[in-house]
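Numbered according to my numbering, the sequence shown spans residues 96 to 547. Glycine is no exception: its CB is placed at the ideal position from the N, C-alpha and C atoms. These numbers were taken from a predicted model, which means no experiment stands behind them.
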Amino acid sequence: MMKKLYKFSAIAAVLMSASLASCNHEEADIFDQNAAHRTEEARKMYKEILLDKGGKWQMEYFTTEEEHGYVYLFTFRNDGTVTISGNNEYITKLTNIDSNVPSYGSETSMWTILSDNGPVLSFNSYNTIFHLFATPEDIPGTERDEQGYGHSGDYEFDLMKFSNDTLYLEGKKNGAEIIMTRIAPETDDKTYLNEVVALADSFFNAKVPAVYVNLPGGYRHVVLDGATQLPKFYPETGDYITEYVGRNAIITHDGFTLGKPLTLRDSIDGNDYTIQHFIRQKDGSLLCTDDNRITITADALNKVVGDERLLWRVNAADCKGELGTAFAGLNTGFKAYNGSSLVHFNIGLNVLNNTKSPYTMVVRIKTKRGSYLNMSVPYTVEYIGKDEIKFVLGEMDSNMKTFIDKVPAFKTMMNKLASSTFKCSSNSLIAPVNMVLTDSSDASSALGISIQ
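Here is the structure:
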């Protein structure tokens with residue numbers, strides 16, 4: 096803790112010139128003044144930085160290395176008030192101790208910048224939404240007794256550096272490294288924070304069984320529990336029990352950040368790579384900005400479709416062309432044949448356990464009498480490259496054999512599935528819970544599928 100008390104004087108020249116320029120101040124020669132006066136000048140400077148350009152900031156707030164980070168928004172005002180907004184499960188527990196669902200909260204309190212061996216940002220009146228992490232009370236919903244220290248979070252922060260609309264802070268009591276980034280003053284706090292919460296599923300969706308850090312040499316490390324923001328990493332060909340390394344992390348509006356850097360070995364090129372900061376890309380993947388080559392994605396898309404653990408369902412709204420017409424004709428055909436109706440068409444995990452194959456295509460219908468009937472065919476898969484897949488169908492069961500000769504659209508669809516190679520695509524390479532299978536020989540024909 097004592098180290099940080101001396102950082103200010105060592106870096107003050109850099110801070111003053113960079114920060115004063117960014118706030119449109121004239122640079123001043125303040126180093127002929129005493130330390131107390133320099134600290135006072137820095138205090139004023141940081142106050143103006145926080146109030147500048149609308150005074151709205153995002154904080155990536157960490158308590159300890161055992162707890163994930165939390166996004167908070169701050170709107171600073173010149174009258175000494177600040178509105179603090181958050182969206183997390185502990186805000187929920189203020190009114191519903193049994194709930195673990197994040198909820199939004201916002202409250203206005205006071206702030207100031209103190210002088211104490213350097214400038215200190217202090218939230219000096221109690222804010223229910225924010226100070227809950229600094230109160231020494233038992234944390235609700237955990238098995239441990241934290242009475243006396245709580246989350247061990249800070250509410251006062253040494254102001255260490257300002258650069259490119261980013262403030263670097265350090266918790267005054269517990270030393271956590273904190274980043275604050277300026278955001279647009281017109282940002283609606285609730286909308287912004289709701290979007291952050293939703294990103295947990297779009298980055299690390301529980302329905303996708305495997306996500307990987309892809310290193311430049313071609314080796315991969317498995318990422319587990321990313322949605323909890325307490326991810327675990329281990330080598331793809333290694334042993335989870337003996338080799339995993341954990342980190343706390345935070346999901347922000349723009350990406351994913353580890354609380355501390357992590358070094359991973361690429362067993363193919365023999366090099367070590369250090370990761371910490373990731374930015375969301377248009378394809379849904381996460382790009383490591385520490386390296387600009389390392390990404391986090393799910394497996395190759397065709398292998399996600401062919402994952403034996405997954406069950407996919409065909410979505411009528413996402414089907415098109417010849418396959419779309421055939422799928423749309425199933426319900427009409429079943430009704431015309433015997434008054435039955437389509438319930439669903441599933442692909443993947445053999446939930447019926449009626450064959451030795453890990454995969455089955457199952458068509459479930461509801462009969463005119465109200466009972467249900469399953470028709471199934473086992474299959475295997477062939478992978479072509481990283482995005483194409485072919486279904487090799489086995490022998491249909493007796494129910495499917497009966498219906499396929501009576502319903503033309505059904506026969507068309509099954510023949511197309513058996514004879515085509517499909518290109519797999521998704522709007523997210525990290526959470527491909529929705530996929531489009533496009534006929535490689537006819538781009539106008541496709542099936543839309545979703546993980547169940």
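Query	Result
PRO503, DSSP secondary structure in three states	helix
Rounded C-alpha distance that separates THR207 from SER217	5 Å
Local Cβ density within 10 Å of ARG133, reported as buried at 16 or more and exposed below that	buried
Closest residue to LEU146 among LEU488, ASN289, GLY175 (Cα-Cα distance)	GLY175
Whole-angstrom distance between ASN426 and ASP385, CA atom to CA atom	52 Å
Residue environment, ASN173, which counts as buried when at least 16 other CB atoms sit within 10 Å	exposed
CYS414 versus GLY266: straight-line alpha-carbon distance, rounded	53 Å
Integer-rounded CB distance, given that VAL291 should sit under 8 Å from HIS246	The Cβ separation is near 19 Å, so there is no contact.
Contiguous alpha helix (DSSP H) assignments of at least 4 residues, all confined to the segment 317 to 394	335 to 338
Contact belief for VAL177 with SER204 at Cβ below 8 Å, rounded distance in angstroms	6 Å
Distance CB(GLN324)-CB(ILE346) smaller than 8 Å	yes
Test item: CB-CB of SER194 and ASN182 under 8 Å	no
Closest residue to LEU418 among ASP284, GLU232, MET509, ILE363 (Cα-Cα distance)	MET509
Proximal residues to VAL438 (C-beta, below 8 Å), its chain only, five neighbours per side dropped	ARG459, ILE460, LYS461, TYR467
CA-to-CA distance, ASN387 to LYS430, given in whole angstroms	55 Å
Inter-residue Cα distance where the pair is SER535 and VAL317	30 Å
Beta-carbon contacts of SER117 that lie in its chain and below 6 Å, excluding the five residues immediately before and after	For SER117, the predicted structure reports a pLDDT of 45, less than 50, and the residue's modelled location is therefore unreliable. A value from the coordinates is still provided. Cβ neighbours of SER117 beyond the five flanking positions: none.
8 Å Cβ cutoff met for ILE374 and GLY350	yes
Cβ pair LYS518, GLU477 closer than 8 Å	no
C-beta contact flag for PRO527 and VAL446 at 8 Å	no
Cβ-Cβ separation, GLY321 to PHE157 (assumed contact under 8 Å), whole Å	With a Cβ gap of about 17 Å, PHE157 and GLY321 do not count as contacting.
As assigned by DSSP and simplified to three states, the class of THR134	helix
Where the beta strand (DSSP E) containing TYR185 begins and where it ends	Where TYR185 is concerned, there is no enclosing beta strand (DSSP E), although the alpha helix (DSSP H) it sits in stretches over 184 to 188.
Coil, strand or helix - SER435 by DSSP	coil
Start and end residues, beta strand (DSSP E) containing LEU216	214 to 217
Bounding residues of the alpha helix (DSSP H) (the contiguous stretch that carries ILE224)	223 to 226
Cα-Cα separation, LYS481 to ALA271	42 Å
Given THR90 as reference, the closest of TYR454, ILE274, ASN441 once Cα atoms are compared	The first residue shown for the chain is 96 and the last is 547, placing residue 90 beyond what the model contains.
Limits of the alpha helix (DSSP H) - the one that SER515 falls within	That residue, SER515, is in no alpha helix (DSSP H); it is neither H nor E in DSSP.
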